[in-house]
Structures are given as structure tokens and as C-alpha cells.
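For the sequence shown, this note's numbering assigns the number 86 to the initial residue and increments by one for each residue that follows. Shown next, in C-alpha cells, is the structure this report addresses.
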Amino acid sequence: MIPFESEQLLVLFVIGLIGLGVISILGGIFVLVRKSFSKEVHVIADQVTKLAKAGVNNEMSGLVGNASSLIDSLNQLTKTATGIGIFLVLVGCLLFVGAGYLIFQF
């Protein structure tokens, strides 16, 4: 077994917390940026809007209802991705706070 002093072990633990915090924050930012600029979501939303307009013009109420439910699903997808990104950023910040607490405690 490798002998570590308590200070060395604490430094390794703090470095690990900081590393996990950086990974978590970068992952959260990546999720937020990727979902907000997703071309697929914008293309689908544009196509559904055109489809809904065509349904209104041709008096197809079922088509308009399905298009509106698809738009609602896209909105929920975007909200879910945003929530995941924000959660990852907050976890990263908490890891930084924990590492700072350990540094200043000892």
C-alpha cells in the first residue's frame, strides 16, 4: 500500500473534486449550447408550422391538432435538455464549493 500523509490525500481529493466540477460544468454548457442551436429542432418546427398552415387552409382539423401536439413535444424536449444542462452546471458549481471548503477548512 502506498503511504499517503493526510495533507497529500486531501490535495488529491480536492484535485479530483475540481476535475469533476470542470467536467460537469463543461458538459452542462455543451448540452445547453447544443440544444439551443440544434438545426434539427428548428427544421422540424418550421415544417410543422407549414403543415399546420396547410391544414388550416384545407380545413383539415385533425392535421392541425397533430401538428400542435408535435410542437408541444418539441417544446418539452427543449425544456428537458435545458434542465439537464442547468443541473450539470449547478452540480459542477457545488463540487467547486466543496473543494474550496475542504481547502480552507484544513
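Backbone N, C-alpha and C define an ideal beta-carbon position, used for all residues, glycine too.
- Residue state for residue 115 is assigned as helix, using DSSP reduced to three classes.
- Taking a 10 Å sphere around the C-beta of residue 104, we find fewer than 16 other C-beta atoms and assign the residue as exposed.
- Counting every other CB atom within 10 Å of its CB across the protein chains shown gives residue 177 a total of 16 or more, marking it as buried.
- Segment contact: the region 105 to 112 against the region 154 to 164, fewer than three CB-CB distances shorter than 8 Å; contact not assigned.
- Taking a 10 Å sphere around the C-beta of residue 97, we find fewer than 16 other C-beta atoms and assign the residue as exposed.
- Distances from the CA of residue 188 to each of 100, 116, 131, 89 were compared; the closest alpha carbon is that of 100.
- Rounded to whole angstroms, the Cβ separation of residue 113 and residue 170 is 5 Å, and the two are in contact under 8 Å.
- DSSP, read as helix, strand or coil, puts residue 171 in helix.
- Within 10 angstroms of the beta-carbon of residue 118 lie fewer than 16 other beta-carbons, which makes it exposed.
- Here residue 191 carries a coil assignment [DSSP, helix/strand/coil].
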